[in-house]
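Residues 1108 to 1406 (the numbering used here) are what the first sequence spells out, left to right. Quick reminder that beta carbons are idealized off the backbone N, C-alpha and C, glycines included. Written out below as structure tokens is the structure these notes cover.
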Amino acid sequence: MEEIRIECPDIFDYEQCLAYLKRDENEVLFDIVDDKIYRAIKIDDIKLLLSISYERHYLIVEILNDISISPENTERLVNFIEEWFDFSADLSLFYQYGRKNEILEPLINELYGLRLIRIPDFFEAISWGIIGQQINLTFAYQLKKRLVESYGEKMTFENKSYYIHPTVDVISKITVKELMDLKFSRRKAEYLIDVAKIIHSQMLTKDMLLNMEDKVEIEKTLVNIRGIGPWAAHYVMMRSIGVKNAFPIGDVGLQNALKAILNLEQKPSKEQMIALNKGWEMWSSYATFYIWRAPYIKK
DNA sequence: AACCAGGTACCTA
DNA sequence: TAGGTACATGGT
């Protein structure tokens, strides 16, 4: 069996990352058993079933479905994992900056080593951004589960099923009614299928956004698409594009977490959010990710 | 039983 | 430009 070892960055806590990944029972794109992550992915059209575990500062990646892959594909696989766990970020810089902020300082201590878990698959990130709009996370996970199980590719290993997120190729060809049958609202069904068509036609690609210098330009490009507003644009920028200073200002979860941390009577206003963001501006994405975790820190 | 969920597009004035 | 509303459904 192939085994790949990936060295972790200095500041890295596998348990913190796992805790985030475990946040919902209905997650379908990976499974966690005994601190080992199981996930199906597709690389260069080859389906792989991976297990990922941690051992003395290395991630150990095993390919369970008895396939040997080329050196190029091994590199692609390593890139995927490193992107998923955001290994390229220099957390020492975030911490140095964030410790000066009274909201972030305790979070950095509690969550030390947590990395911003990314969504490398661009369409998966947009899909999740559209699904998550306005509804509670429980329902959002249910919708995603139905979408993935209906239209994603399935792998079976030792009597368990693993799914790969549906491709734009598949989703661009389905109907609004099919998604409404999965309890998507008509609007969300339209948004998702339309975005799939746009990406499928290459009018929008992840590379296109990665090559843009300016955050504002990326945001404008995303917001221009029906179904992606300011919140979803920033969400995709932080989770998939790797923008360091994205800030989903309208995010209710973020607002409620800040309300609790600051002991406010009401959720912070847009103006308050903008003011708070000044305290971590260069690192808004990480600040957001850490604040999202705040309600789950056990005292 | 209302009201709120990791919002957005669309309508009116 | 600003303000109001529908949207599908689950949790509290």
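Rounded Cβ spacing between residue i and residue j (contact assumed at less than 8 Å)
i: Asn1180; j: Ile1150; result: 5 Å
i: Leu1223; j: Met1345; result: 7 Å
i: Ile1306; j: Val1275; result: 4 Å
i: Leu1128; j: Ile1118; result: With 8 Å as the limit, Leu1128 and Ile1118 do not qualify as a contact, their Cβ atoms being about 18 Å apart.
i: Glu1407; j: Glu1169; result: Outside the shown range of the chain (1108 to 1406) lies residue 1407, about which nothing can therefore be said.
i: Phe1187; j: Cys1124; result: Between Cys1124 and Phe1187 the Cβ distance is about 15 Å, and since that is not below 8 Å, they are no contact.
i: Arg1112; j: Ile1167; result: 6 Å
i: Ser1279; j: Lys1313; result: So it is not a contact: roughly 16 Å between Cβ atoms.
i: Arg1225; j: Glu1190; result: 6 Å
Cutoff 6 Å; reference residue i; Cβ partners in own chain excluding five residues on either side
i: Val1277; result: Tyr1258
i: Lys1143; result: Ser1158, Ser1160
i: Ile1233; result: Val1302, Val1343
i: Pro1116; result: Phe1194
i: Leu1289; result: Arg1253
i: Glu1122; result: none
i: Glu1285; result: none
i: Met1408; result: The requested residue 1408 does not occur in the structure, where the chain is confined to residues 1108 to 1406.
i: Glu1260; result: Ile1271
i: Phe1230; result: Val1275, Ile1306
i: Lys1322; result: Val1350
Length of the line joining the Cα atoms of residue i and residue j
i: Asn1352; j: Tyr1202; result: 15 Å
i: Pro1227; j: Ile1148; result: 11 Å
i: Trp1387; j: Arg1206; result: 10 Å
i: Thr1282; j: Asn1384; result: 40 Å
i: Ile1215; j: Leu1299; result: 36 Å
i: Leu1316; j: Arg1130; result: 29 Å
i: Met1287; j: Arg1293; result: 6 Å
i: Leu1184; j: Glu1324; result: 30 Å
i: Glu1265; j: Tyr1145; result: 12 Å
i: Leu1171; j: Lys1295; result: 36 Å
i: Asp1120; j: Leu1155; result: 25 Å
i: Val1408; j: Ile1242; result: The first residue shown for the chain is 1108 and the last is 1406, placing residue 1408 beyond what the model contains.
i: Ile1174; j: Tyr1219; result: 36 Å
i: Thr1245; j: Gln1379; result: 28 Å
i: Glu1372; j: Leu1361; result: 15 Å
i: Lys1304; j: Asn1363; result: 35 Å
i: Gly1309; j: Leu1198; result: It is Gln, not Gly, that sits at residue 1309 in the sequence shown. Rounded to the nearest angstrom, the two C-alpha atoms are 34 Å apart.
i: Asp1141; j: Ala1401; result: 24 Å
i: Leu1211; j: Ala1126; result: 19 Å
i: Leu1221; j: Ala1196; result: 11 Å
i: Ile1176; j: Glu1182; result: 10 Å
Cβ shell of residue i (< 7 Å), same chain only, five flanking positions each side left out
i: Val1255; result: Val1135, Leu1136, Tyr1270, His1272, Pro1273
i: Ser1391; result: Asn1352, Ala1353, Phe1354, Asn1384
i: Gln1249; result: Asn1133
i: Glu1217; result: Ile1404
i: Leu1365; result: Pro1375, Leu1383, Ile1398
i: Gly1357; result: Pro1337, Trp1338
i: Tyr1393; result: Phe1201, Leu1223
i: Arg1333; result: Tyr1298, Asp1301
i: Tyr1165; result: Arg1112, Ile1113, Glu1114, Cys1115
i: Thr1395; result: Met1345, Phe1354, Pro1355, Leu1361
i: Ala1247; result: Ile1238, Gly1239
Residues bridged to residue i (per DSSP)
i: Ile1113; result: Leu1166
The ligand MN heavy atom lying under 6 Å from the CB of residue i
i: Glu1189; result: With respect to the ligand MN, the structure shown offers nothing to examine, as it has no ligands at all.
Neighbourhood of residue i by C-beta distance below 8 Å, restricted to the same chain and skipping five residues each side
i: Leu1329; result: Leu1316, Ile1335, Ala1339, Ala1340, Val1343, Met1344
i: Glu1326; result: Pro1337, Ala1340, His1341, Met1344
i: Arg1262; result: With the sequence shown as reference, residue 1262 is identified as Met, and Arg is not the correct amino acid for it. Contacts found: Ala1147, Lys1154, Leu1156, Asn1172, Ser1268, Tyr1269, Tyr1270, Ile1271.
i: Ile1381; result: Ile1356
Those runs of the beta strand (DSSP E) which lie wholly inside the stretch 1240-1312 and span at least 3 residues = 1260-1264, 1267-1271
Tell me the start and end of each unbroken beta strand (DSSP E) in the stretch 1119-1182 that is at least 3 residues and wholly inside, in chain order.
-> 1138-1140, 1143-1150, 1153-1162, 1165-1170
Output the residue ranges of the alpha helix (DSSP H) runs that lie fully inside the stretch 1343-1405 and measure 4 residues or longer, sorted by chain position.
-> 1359-1369, 1377-1384, 1391-1400
For the stretch 1182-1247, list the beta strand (DSSP E) runs that are entirely contained and at least 3 residues long, ordered along the chain.
-> none
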